[in-house]
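With our numbering applied, the sequence shown covers 90 to 193.
Below is one structure, written out as structure tokens; comments come after it.
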Amino acid sequence: MKELKICDLTDLEEASPRRIEIEGKKLSIVLLNERIYALDDICSHEDVSLSEGEVDIDECALECWKHGSLFSLETGEALSLPATKSVKTYEVRIIDNDVVLVVE
Ligand code: FES
């Protein structure tokens with residue numbers, strides 16, 4: 090297991106997805122209600138960037154901008170059609186002002 094710094098905490102804005110590339114992974118990073126979530130950035134329905142979508146605060150989900158599928162920030166589960174497959178989620182920690190991705 091290793092920890093990779095992905096950004097400073099102060100780089101993130103509440104409910105505003107940020108696209109990060111690190112070690113070949115493209116991730117959407119979301120700060121919401123004092124928690125940070127990391128999901129694969131590519132929608133499971135088509136090859137588009139989820140970080141260009143909007144956060145649904147009530148559902149704690151990220152909405153794909155292209156066809157509107159919601160993906161749970163907690164689990165990556167596709168909560169609405171047309172996407173049916175989950176996207177991968179990652180563990181993120183905050184260490185001082187660093188946002189750190191935990192990879193196995
Ligand atoms: S491309 Fe994301 S829901 Fe269709």
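Idealized CB from N, CA, C, for every residue including glycine.
Under 8 Å by Cβ, that's how I've got residue i and residue j pegged, so tell me the actual separation to the nearest angstrom.
| i | j | result |
| --- | --- | --- |
| arginine 107 | isoleucine 118 | 5 Å |
| serine 161 | alanine 150 | 5 Å |
| cysteine 153 | leucine 170 | At roughly 11 Å, the Cβ-Cβ gap does not stay under 8 Å, so cysteine 153 and leucine 170 are not in contact. |
| leucine 101 | threonine 178 | No, leucine 101 and threonine 178 are not in contact; Cβ-Cβ is about 17 Å, not under 8 Å. |
Between the beta-carbon of residue i and the beta-carbon of residue j, is there less than 8 Å?
| i | j | result |
| --- | --- | --- |
| valine 188 | aspartate 97 | yes |
| glutamate 92 | valine 176 | no |
| isoleucine 109 | leucine 116 | yes |
| glutamate 163 | methionine 90 | no |
Helix or strand or just coil, what does DSSP make of residue i?
| i | result |
| --- | --- |
| glutamate 193 | coil |
| glycine 140 | First, the residue type needs correcting, since residue 140 is serine and not glycine in the sequence shown. If DSSP states are grouped into helix, strand and coil, serine 140 belongs with the helices. |
| aspartate 100 | helix |
| isoleucine 146 | coil |
| aspartate 187 | strand |
| alanine 167 | strand |
Going by DSSP, what residues sit across from residue i in a beta bridge?
| i | result |
| --- | --- |
| lysine 91 | Val192 |
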